[in-house]
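Protein chains in written order, with this note's numbering: chain Z, 1 to 223; chain Y, 224 to 446.
Glycine included, each C-beta is placed from N, C-alpha and C at the ideal position.
Notes to accompany the following structure.
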DNA sequence: CCGTAAATGTCGTCG
DNA sequence: CGACGACGTTTACGG
């Protein structure tokens, strides 16, 4: 990783065109070739070029000159360096990477093991029930044996309701399943999503992740 | 901006839980408080905390110890520093910021000036036609005076078709406008988006940005 | 502050 | 490699 602090101006031409007037910025060149340009604010770089890309530096002994970064898609990042204030390099080595927990997959797994949370007597038919337009998170049968499609989100927004609606439209064309009703389950459901869902006869369920996990832990302890 | 290269392990607890085993990484503390953790790969940080947040460093004279970063939402980022390899700080000052061009706004402007691209004899009623659920990009009348709602995207995907569908549902309740048909216009239309659109009777139009701009330039030259 | 729409989104996964 | 959906999406913009 090379870290250069320099007074520079930047131009990007690719998916859009963008220009950065001259100022002091951090230029970061990563081991994989990625180039980032950071300012004092925001989590996101002002400009960048993702790996794989090619950096060609045409500079003098003081580091003044231009960096030209290109990739196969024809994107072009040009950095005009006026003054270098700092320049250091160090290889960080390979990162062991990130371990995640708590996303939608977890919710789906937990709810699949406890579909009775959705209604007494409910049974799971299948997780990731396949359809031509993608898998339905959970396909269930309610206490009367009626089919229910469940869409699970961490945060329930309009898109999720639209997605479930498309599944329901499709599943209801299958005489072996129809009539299929819908449940929209999420840790948090936005008001507009709830309104849209209920307008379409879809039931909204707010999930309590801690409670689901708690019950799961209790179950686990029994074995 | 402070740049620290350190051997460290990291834990994040907030919207999800994540853990980074011990390795050498770049820790970046920006002037606005933002904390970023970068490895040798990817344009995106391994972990971060966005401003506004509070950094509390509990370290010895060698920089070894822990950084605890918190924010008002209760998110927590913990960095356990085992060894500091480099530590430097420099204020970059305020950045003048980015100038962009070539996004959806440009497409909308160009197409608004050339609605005849969508059909001979078409007229523009209004750009950003207001509705209770948001503005319709273009409202037009076709050669027979029938109302057409146009949704413009750079890349046409399913979400855009859903968006247009909601607008059409709403506009068709207005007897002064109904029947309203839909046009989905984008520089690129994904197959599933096209299928969904056509299934709903929405016409898909692929836009040529260069051609639209070319014609615009010609018009401009005439004045 | 909430809600929606855009993004050089980025990142997996799967065909 | 392209399409699709999730993301600690982030970010900008309006009410």
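{"Asked": "Partners in chain Z for residue 265 of chain Y, counting only beta-carbon separations shorter than 7 Å", "Found": "34"}
{"Asked": "Cβ-based contacts, 7 Å cut-off: residues of the segment 381 to 392 of chain Y near chain Z", "Found": "382 and 385"}
{"Asked": "N-terminal and C-terminal residue of the beta strand (DSSP E) that residue 81 of chain Z is part of", "Found": "76 to 89"}
{"Asked": "Nearest residue (CA-CA) to residue 335 of chain Y, options Y:417, Y:398 and Y:362", "Found": "Y:362"}
{"Asked": "For residue 400 of chain Y and residue 370 of chain Y, believed in contact at Cβ under 8 Å, the rounded distance", "Found": "5 Å"}
{"Asked": "Coarse secondary structure for residue 159 of chain Z, derived from DSSP in three states", "Found": "helix"}
{"Asked": "Exposure of residue 227 of chain Y, with buried meaning 16 or more beta-carbon neighbours within 10 Å", "Found": "buried"}
{"Asked": "Cβ-Cβ distance between residue 387 of chain Y and residue 374 of chain Y below 8 Å", "Found": "yes"}
{"Asked": "Minimum Cβ-Cβ distance from residue 240 of chain Y to chain Z less than 8 Å", "Found": "yes"}
{"Asked": "Min CB distance residue 86 of chain Z to chain Y below 8 Å", "Found": "yes"}
{"Asked": "Residues of its chain near residue 133 of chain Z, where Cβ-Cβ distance is below 8 Å and the 5 sequence neighbours each way are ignored", "Found": "166, 167 and 170"}
{"Asked": "Counted within 10 angstroms of its Cβ, other Cβ atoms place residue 39 of chain Z as buried (16 or more) or exposed", "Found": "buried"}
{"Asked": "C-alpha distance - residue 289 of chain Y paired with residue 253 of chain Y, whole-angstrom precision", "Found": "18 Å"}
{"Asked": "9 Å Cβ cut-off: residues of chain Z touching residue 412 of chain Y", "Found": "Near residue 412 of chain Y there are no residues of chain Z at all, since even the closest Cβ is about 17 Å away, more than 9 Å."}
{"Asked": "Start and end residues, alpha helix (DSSP H) containing residue 195 of chain Z", "Found": "191 to 199"}
{"Asked": "Same chain only: Cβ atoms within 6 Å of residue 342 of chain Y, ignoring 5 sequence neighbours per side", "Found": "365"}
{"Asked": "CB contact check: residue 67 of chain Z to chain Y, cutoff 8 Å", "Found": "no"}
{"Asked": "Contact list for the segment 351 to 381 of chain Y against chain Z, Cβ threshold 7 Å", "Found": "none"}
{"Asked": "Short Cβ contact (8 Å threshold) for residue 63 of chain Z with residue 37 of chain Z", "Found": "no"}
{"Asked": "Identity of the residues DSSP links to residue 372 of chain Y by a beta bridge", "Found": "Y:362 and Y:405"}
{"Asked": "Min CB distance residue 82 of chain Z to chain Y below 8 Å", "Found": "no"}
{"Asked": "Any C-beta of chain Y under 8 Å from that of residue 24 of chain Z", "Found": "yes"}
{"Asked": "Within chain Z, the residues that residue 227 of chain Y reaches when beta carbons sit closer than 7 Å", "Found": "Result: empty, since nearest Cβ-Cβ is about 11 Å, beyond 7 Å."}
{"Asked": "Residue 245 of chain Y: first and last residue of the uninterrupted beta strand (DSSP E) it sits in", "Found": "240 to 252"}
{"Asked": "Residue 315 of chain Y beta carbon less than 8 Å from that of residue 224 of chain Y", "Found": "yes"}
{"Asked": "Span of the alpha helix (DSSP H) around residue 113 of chain Z", "Found": "104 to 113"}
{"Asked": "Cβ-heavy atom distance, residue 204 of chain Z to the ligand GTP, below 7 Å", "Found": "With respect to the ligand GTP, the structure shown offers nothing to examine, as it has no ligands at all."}
{"Asked": "For residue 436 of chain Y, three-class secondary structure by DSSP", "Found": "helix"}
{"Asked": "Which residues DSSP lists as bridging residue 260 of chain Y, in chain order", "Found": "Y:250 and Y:270"}
{"Asked": "Alpha-carbon to alpha-carbon, residue 328 of chain Y and residue 44 of chain Z", "Found": "22 Å"}
{"Asked": "Residue 317 of chain Y, buried or exposed, once every other Cβ within 10 Å from all chains shown has been counted against 16", "Found": "exposed"}
{"Asked": "Separation of residue 68 of chain Z from residue 55 of chain Z, as counted between CA atoms", "Found": "6 Å"}
{"Asked": "Straight-line Cα distance separating residue 12 of chain Z from residue 323 of chain Y", "Found": "9 Å"}
{"Asked": "CB contact below 8 Å: residue 52 of chain Z versus chain Y", "Found": "no"}
{"Asked": "Beta carbon of residue 232 of chain Y nearer than 8 Å to that of residue 245 of chain Y", "Found": "yes"}
{"Asked": "CB contact check: residue 405 of chain Y to chain Z, cutoff 8 Å", "Found": "no"}
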